[in-house]
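**Student:** Next up is a structure, given as structure tokens.
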């Protein structure tokens, strides 16, 4: 068994027992990166020398009696929209191509304090706006299972890095599915925690009422390990919630019992790919065998979710991205006659097409004459979407859905049709609008060996419930043992 | 078409963006398609429904107003494209 194929759990046991050093782990992953990164294209920035040096330092600390925690010496990848002190944080945008943050995001501080080794920064759709990572200004990322297919997005770099064993685990961000959808495409585990569970300090803002940092891992166990570390109140993010952080590993190991799992009838309407539907039904049978009671529920406003989401998200984005003006950081145009022209030229040259499209949509939705008809209307429908979940969770403990309506599509297939691309987020966006936690994990493959994901949703702050069902299903189904043929 | 080229030009001005004629045409077409799709929200009666702008009920969050260490000045403007003497430089915009 190659070291780079192991998850956090497996590596931790070897490091703790002294069987392998942190340096050996880091070197194994670094060599793996060197052998497959040309094909996958997961990373914007690689820090292999620093990572190896860091791993060596950690070994030294261990030899002097330093404690070995769960993340000690674990090499991780970080999405390139999460600030890392002294390391470029580009958001895969020309406008931030040279941006080097002078501080760490809170999640990075917490991971570093636990001994995480930073391998590099991963590719994304520019400013996390997209569902295929094709909107990156720098490079294409490929799906490790089939290089002609999308890795999903926007955290496509993080998901493909973990799937290709180019990182043991990764962080991503999820505004409308950007962790769960790429996790589904790449056959790995993606967790979007409850809104407010994890500090967003140092996450480059896209849509602040929806954005959440989360994890991409090889197993459910590893998601539980990481969530424990990154969760909790942070004085630097006033939207982080002061709720006790449970021992998620203990939660995961509790017996499953007989959870009542709801299947939303509206999610099985037209548009669901037959192979996705079949794999999901197989998964539900497995869950029933494990003790779950599967019942139908209704989320009646589902068909309005995409419209609502893209109004709310673009409105917030248009306001958040007003800060890029070429003054304090980021790209500044070479030629301009006035301050105003400097703003306009810097923005017009620095942003890519999808980011401009969303700024335009959001500005439109917020502009005089359209505010009530679009933005305010969307906020009201958001209330109804949230009430749908509140009502469903009166009856069931968890909700189970497909993560994505289709298997991963081909690179280039939807890039010229923005609306078609938006519709691939149909099953993930409502979770963000309602602020709920949700996790995507593999539930099998298509006939052509492309991964398919299923999503488990819980009420706010009930991540532990998700972990229990996801872990039990994962161990029974065993899909995580199948690796991409790289 | 849900929106016209003229509206696209107006929105672009509000957003501090500028487009070539071809871009304007493409955006008018794409944005119209998306806005048409969003029009489905209009068909739903939301009379009496409270808007949700933020999912958790937090209003103002206060902290003690105490002096704490912060980034050194040089560090904080390190990323500015043009700077000097501890300041960020921009083109002159006030008449003297």
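Protein chains in written order, with our numbering: chain A, 905 to 1390; chain B, 189 to 284. Glycine is no exception: its CB is placed at the ideal position from the N, C-alpha and C atoms. None of these values were measured; they are calculated from a predicted model.
Terminal residues of the continuous alpha helix (DSSP H) containing residue 1197/A?
**Tutor:** Looking at the DSSP string, residue 1197/A is not in any alpha helix (DSSP H); the run it does join, the beta strand (DSSP E), is 1197-1201.
**Student:** So is residue 1337/A buried or exposed if we call it buried at 16+ other beta carbons inside 10 Å?
**Tutor:** By the neighbour-count rule (16 or more Cβ atoms within 10 Å), residue 1337/A is buried.
**Student:** Return the Cβ separation of residue 244/B and residue 1216/A in integer angstroms, given the expectation that the two are a contact with Cβ distance under 8 Å.
**Tutor:** The Cβ separation is near 15 Å, so there is no contact.
**Student:** Is it the case that the Cβ atoms of residue 1060/A and residue 1086/A are separated by a distance below 9 Å?
**Tutor:** Going by C-beta atoms, residue 1060/A is nearer than 9 Å to residue 1086/A.
**Student:** Can you tell me the Cα-Cα spacing of residue 1361/A and residue 274/B, whole angstroms?
**Tutor:** Near 50 Å, if we compare the C-alpha coordinates of residue 274/B and residue 1361/A.
**Student:** For the pair the segment 1132-1146 of chain A and the segment 1012-1031 of chain A, tell me if three or more CB-CB distances fall below 8 Å.
**Tutor:** Flag = yes, the segment 1132-1146 of chain A and the segment 1012-1031 of chain A touch.
**Student:** Should residue 283/B be flagged as near chain A, meaning a C-beta pair shorter than 9 Å?
**Tutor:** No, no contact with chain A.
**Student:** Quick check on the DSSP output: the alpha helix (DSSP H) that includes residue 215/B runs from which residue to which?
**Tutor:** From DSSP, the alpha helix (DSSP H) with residue 215/B extends over 209-226.
**Student:** Kindly say whether residue 270/B, judged by its beta-carbon, lies nearer than 9 Å to any beta-carbon of chain A.
**Tutor:** Judged by the 9 Å Cβ criterion, residue 270/B is in contact with chain A.
**Student:** State yes or no: is the C-beta of residue 1350/A nearer than 8 Å to some heavy atom of the ligand ADP?
**Tutor:** Looking at this structure, you won't find the ligand ADP or any other ligand, since it has none at all.
**Student:** Going by the CB atoms, is the gap between residue 225/B and residue 1167/A shorter than 9 Å?
**Tutor:** Going by C-beta atoms, residue 1167/A is not nearer than 9 Å to residue 225/B.
**Student:** Could you check whether residue 223/B and residue 1278/A sit closer than 9 Å to each other, using their CB atoms as the reference points?
**Tutor:** Yes.
**Student:** Which residue wins for smallest C-alpha separation from residue 1032/A, given the options 925/A, 1233/A and 1262/A?
**Tutor:** Of the listed residues, the one whose Cα sits closest to residue 1032/A is 1262/A.
**Student:** How is the alpha helix (DSSP H) around residue 930/A delimited, first residue to last?
**Tutor:** Note, residue 930/A: alpha helix (DSSP H), 926-944.
**Student:** Check residue 1135/A in the structure and name its three-state DSSP category.
**Tutor:** Strand.
**Student:** Count the other CB atoms within 10 Å of the CB of residue 248/B; is the residue buried (16 or more) or exposed (fewer)?
**Tutor:** It is exposed - the Cβ of residue 248/B has fewer than 16 other Cβ atoms within 10 Å.
**Student:** Starting from the Cα of residue 1008/A, find the closest Cα among 1064/A, 1112/A and 1140/A and give me that residue.
**Tutor:** Of the candidates 1064/A, 1112/A and 1140/A, the one whose C-alpha sits nearest the C-alpha of residue 1008/A is 1140/A.
**Student:** Among 1079/A, 971/A, 1304/A and 1223/A, which has the Cα closest to the Cα of residue 1269/A?
**Tutor:** The option with the nearest alpha carbon to residue 1269/A is 1223/A.
**Student:** According to DSSP, residue 1169/A sits in a beta bridge with which residue or residues?
**Tutor:** Partner(s): none; residue 1169/A has no beta bridge.
**Student:** Is the beta carbon of residue 191/B sitting closer than 9 Å to the one on residue 232/B?
**Tutor:** Not closer than 9 Å, so no.
**Student:** Bridge partners for residue 1102/A per DSSP, in chain order?
**Tutor:** 1135/A.
**Student:** Nearest to residue 1183/A by alpha carbon, out of 1311/A, 1154/A and 1300/A?
**Tutor:** Taking only the C-alpha atoms, the option nearest residue 1183/A is 1311/A.
**Student:** What are the residues of the segment 1338-1351 of chain A that lie near chain B, defined by any Cβ-Cβ distance shorter than 8 Å?
**Tutor:** The segment 1338-1351 of chain A vs chain B, Cβ under 8 Å: 1338 and 1339.
**Student:** Any C-beta of chain B sitting closer than 9 Å to the C-beta of residue 1178/A?
**Tutor:** Not closer than 9 Å to any Cβ of chain B, the Cβ of residue 1178/A fails to qualify, so no.
**Student:** Can you find a C-beta in chain C that's less than 9 Å from the C-beta of residue 192/B?
**Tutor:** The structure shown contains no chain C; its protein chains are A and B.
**Student:** Assess, as a yes-or-no matter, whether the segment 1175-1191 of chain A is touched by the segment 1344-1357 of chain A under the definition of 3 or more beta carbon pairs within less than 8 Å.
**Tutor:** Touching, yes.
**Student:** Quick check: is the beta carbon of residue 261/B nearer than 9 Å to any beta carbon in chain A?
**Tutor:** No, because no Cβ of chain A sits closer than 9 Å to the Cβ of residue 261/B.
**Student:** Residue 283/B: which of 1206/A, 1242/A and 1287/A sits nearest, CA to CA?
**Tutor:** It is 1242/A.
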